[in-house]
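Protein chains in written order, with our numbering: chain A, 120 to 459; chain B, 120 to 459.
Note that CB positions come from ideal geometry on N, CA and C, so glycine has one too.
Everything numeric in this text was worked out from a predicted model, so none of it was measured.
Number of protein chains: 2
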Amino acid sequence: MTQHAVEPKKRVTIKDVARAAGVSPGLVSIVFNDVPGASDANRRRVRQAARELGYRPDARASLLRRRHARLLGVSFFVQSAFHGDLLPGIYAAAGAAGYEVALSGWTADRTEDHSIDALVGFRCDALILLGPEAPEARLEVVAEDLPVITVGRRLVRPIGDSIRTDDAVGMRLAVEHLAALGHRDIAHVDGGPDNVKAEDRVAGYRAAMEAAGLAGRMRVIPGGQTVEAGAEAAARLLAGRGAETAVVAFDDDLAWGLVAALQAAGVSVPGDLSVVGYDGSRLSRIMPLSGLTTVRQDAEGMAALAVERAVRRVEGDDVAPGEIVLPPTLTIGSSSARRA
Amino acid sequence: MTQHAVEPKKRVTIKDVARAAGVSPGLVSIVFNDVPGASDANRRRVRQAARELGYRPDARASLLRRRHARLLGVSFFVQSAFHGDLLPGIYAAAGAAGYEVALSGWTADRTEDHSIDALVGFRCDALILLGPEAPEARLEVVAEDLPVITVGRRLVRPIGDSIRTDDAVGMRLAVEHLAALGHRDIAHVDGGPDNVKAEDRVAGYRAAMEAAGLAGRMRVIPGGQTVEAGAEAAARLLAGRGAETAVVAFDDDLAWGLVAALQAAGVSVPGDLSVVGYDGSRLSRIMPLSGLTTVRQDAEGMAALAVERAVRRVEGDDVAPGEIVLPPTLTIGSSSARRA
DNA sequence: ACACTGGGCTAGAACGTTTTAGGCACGCAA
DNA sequence: TTGCGTGCCTAAAACGTTCTAGCCCAGTGT
């Protein structure tokens with residue numbers, strides 16, 4: 120049996136502080152925002168009064184009235200190791216630029232759409248979308264209202280700024296690495312159905328295989344972007360197994376699932392099968408021995424660029440939407456080896 | 120050369136919708152909140168007008184005016200695999216209860232204090248703190264203003280509700296498992312300096328060792344709670360190595376770092392050294408072969424309980440602060456084996 | 001003497017909602 | 001008839017900030 124909702128106790132507002140300090144509310148605002156327009160004596164008085172009363176500025180009211188909220192909305196996939204790696208960089212860069220960050224995660228149950236709506240509802244100045252899966256049409260609609268920066272996805276239409284890694288180069292690095300180790304039957308486990316981000320990597324894989332003269336040996340296996348999907352893909356890989364001696368996975372999470380399930384099934388990695396990941400996430404560095412071989416994206420750099428772009432847009436730099444494509448690098452770990 | 124800040128374009132508000140639908144703003148609010156007090160005809164008219172104008176409710180204004188915001192603030196450590204596992208459950212439970220979730224992460228650079236301040240600034244109805252590290256005095260101050268639910272930490276003083284796993288039982292499970300495998304020199308790598316959550320586990324380890332008649336063989340090595348800390352601890356472990364054949368780590372992240380660094384140093388896990396983690400995070404399940412041996416906490420259950428408690432507090436159930444202690448279970452993976 | 005500048009400050013409007021207090025019309029019981 | 005409740009609706013007052021316009025006063029150049 121629940122009782123009635125409790126009455127919120129009276130909160131101390133800017134007015135209370137003003138009264139206590141003997142100044143106007145406007146002046147208190149000036150002091151708390153550290154903008155010019157108040158004497159040192161009053162600054163001290165106001166801060167003192169605020170401390171005594173236990174005043175805490177109300178972000179809702181402030182955000183509502185401010186011209187620019189100085190708030191960046193960030194949407195991310197809770198389960199993605201790579202997104203987790205991007206967040207610290209985003210917090211750091213935003214803080215340095217004087218912006219707050221509003222986080223909104225999506226999960227298997229809570230859609231990306233929902234997470235974007237929440238951020239828009241807060242009237243963030245700009246949105247940074249990590250690895251968005253929404254259709255471009257949807258992003259376009261959102262971008263009509265506020266600047267949108269996408270991270271880790273190539274867009275066909277020019278919607279806001281876009282920071283991404285060159286997947287053609289990335290897949291080429293992966294394939295060439297394996298080819299140099301003597302592998303010829305190199306499969307690709309993709310990012311799963313309805314994963315727009317996966318298309319570039321598939322295309323990159325095909326191009327790289329052709330360039331390596333292995334066009335006839337291509338095989339693309341349905342995957343996903345979680346560890347669990349990797350485990351399922353491993354079953355598929357083994358079931359219809361051809362002559363594959365190496366696999367390039369859509370991302371690190373998937374690669375991890377693959378490695379775990381393969382070893383559990385008695386397939387040695389890299390003894391029987393080499394596995395290469397994609398992202399260079401923290402996750403990829405913690406495999407026993409010297410980590411997962413993976414195509415590394417520069418998470419910190421991408422985070423900093425995304426924030427920089429967002430801030431620039433917010434502050435009025437109204438140049439045409441740009442695309443920043445960073446080159447990936449290959450990190451060689453212990454999940455890939457010379458073909459037996 | 121930056122230009123001047125762009126003027127935000129005119130947003131469509133509840134008033135515009137009201138005008139278009141030929142009703143008062145108040146009625147639009149009634150319709151959008153799905154509360155009784157409007158005729159079906161007007162409900163349709165309002166929704167129609169809103170759709171045509173592209174109206175989106177402004178969360179800031181709504182939050183500002185509402186008596187109860189129906190907003191739960193969640194503070195978490197961005198790098199923690201276990202926290203990442205808790206979030207989906209929190210989103211799901213909150214959504215089911217009709218609450219929104221505001222996320223605020225802490226990192227190496229952005230302190231937990233900062234993340235808590237941000238949530239308080241938004242006037243969340245309640246705070247859910249995942250694995251908080253702040254001193255109890257600080258939590259006590261926060262709890263004066265709004266309900267605080269802590270997850271995964273034992274509190275000495277009765278501050279709000281607390282959901283946690285019984286660390287004494289957990290460590291006993293770990294030690295007994297290893298003892299049963301023939302290990303006698305079992306070390307503990309702790310959660311690092313200034314980590315209040317680590318104390319219970321250290322105490323639990325000591326108690327368990329004594330109970331197992333291994334009091335003379337205890338060894339506690341400084342650790343931390345990241346993969347990186349695990350790698351460093353591995354170096355310390357090997358440097359001052361005694362007779363240890365098994366290690367219990369503070370959490371899974373740390374355990375992973377240990378395993379990776381040990382193997383890289385040529386120490387076989389579990390051949391030369393058995394390693395047991397703590398949390399049962401997603402991370403623990405993806406070790407090649409059958410995963411990390413770990414003390415599993417029920418993430419989904421904890422998330423659901425935390426949300427349920429928070430909501431109950433918000434809705435006025437003013438009973439004394441309670442502590443919910445859940446029993447952990449042991450998940451046996453491939454990182455532990457019979458003593459050679 | 002004058003106009004002008006600029007720093008410090010204040011009053012009051014604004015931001016976009018929700019809530020309060022009440023009005024109107026209708027039906028129903030006494 | 002009066003009295004009273006009920007369903008639908010509106011006007012206006014909040015919520016706690018920031019912004020705009022303008023006042024006062026001292027200093028400064030003519």
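Three-way DSSP call (helix, strand, coil) for residue i in this model
i: L190/B; result: strand
i: G385/B; result: coil
i: F151/B; result: helix
i: T450/B; result: strand
i: Y174/B; result: coil
i: L300/B; result: coil
i: I268/A; result: strand
i: D285/B; result: coil
i: A306/A; result: strand
i: D159/A; result: helix
i: D319/A; result: helix
i: H123/A; result: Confidence is the limiting factor: at H123/A the pLDDT is only 39, short of 50, which leaves the residue's position unreliable, though a coordinate-based value still follows. Three-state DSSP puts H123/A in coil, outside helix and strand.
i: Q198/A; result: coil
Beta-carbon separation (whole angstroms), residue i vs residue j, contact threshold 8 Å
i: V426/A; j: A212/A; result: 4 Å
i: G217/B; j: R189/B; result: 6 Å
i: G203/B; j: G399/A; result: The Cβ separation is near 18 Å, so there is no contact.
i: V131/A; j: V165/A; result: Contact doesn't hold; Cβ gap of about 13 Å is too wide.
i: A160/B; j: V150/B; result: Wrong, their Cβ atoms sit about 11 Å apart, outside the cutoff.
i: L249/B; j: V270/B; result: 5 Å
i: R229/A; j: L183/B; result: About 25 Å; that fails the 8 Å criterion.
i: R415/B; j: L449/B; result: 7 Å
i: P446/B; j: D285/B; result: 6 Å
i: F201/B; j: A418/B; result: 7 Å
Beta-carbon proximity of residue i to residue j, cut-off 9 Å
i: H307/B; j: T412/B; result: no
i: D244/A; j: L265/A; result: yes
i: V315/B; j: P254/B; result: yes
i: L258/A; j: L238/A; result: no
i: V193/B; j: L246/B; result: yes
i: D370/B; j: Y397/B; result: yes
i: D463/A; j: V339/A; result: In the structure as shown, chain A begins at 120 and stops at 459. Residue 463/A is therefore absent and cannot be evaluated.
i: A502/A; j: G410/B; result: Summary: the structure shown does not reach residue 502/A, with chain A confined to residues 120 through 459, and so no result is reported for it.
i: G208/A; j: L206/B; result: no
i: L333/B; j: A299/B; result: no
i: A350/A; j: L392/A; result: no
i: L357/A; j: V388/A; result: no
i: G240/B; j: P176/A; result: yes
i: S403/A; j: A422/A; result: no
i: V395/A; j: G376/A; result: no
i: R303/B; j: R458/B; result: yes
i: A429/A; j: I268/A; result: yes
i: G484/B; j: A327/B; result: Here chain B covers residues 120 to 459 and nothing more, so residue 484/B does not appear.
i: E442/A; j: R283/A; result: yes
i: I133/A; j: Y174/A; result: yes
i: V294/B; j: I305/B; result: yes
i: G311/A; j: Q344/A; result: yes
i: L191/A; j: A221/A; result: yes
i: G452/A; j: M406/A; result: yes
i: H187/A; j: V438/A; result: no
According to DSSP, residues forming a beta bridge with residue i
i: V135/B; result: It should be pointed out that residue 135/B corresponds to Asp in this sequence rather than to Val. Per DSSP, none; premise fails for D135/B.
i: D313/B; result: DSSP, once it has assigned bridges, lists no residue as partnering D313/B.
Mind listing, in chain order, the continuous alpha helix (DSSP H) runs of no fewer than 4 residues lying wholly within the segment 201-252 of chain B?
-> Those alpha helix (DSSP H) runs which fall completely within the segment 201-252 of chain B and span 4+ residues are 231-240.
Segments assigned beta strand (DSSP E), at least 3 residues, entirely inside the segment 329-373 of chain A | 338-340, 365-368
For the segment 387-457 of chain B, which segments carrying the beta strand (DSSP E) assignment without a break, of at least 3 residues, lie completely within its bounds, in sequence order?
-> 393-398, 412-415, 442-445, 448-450
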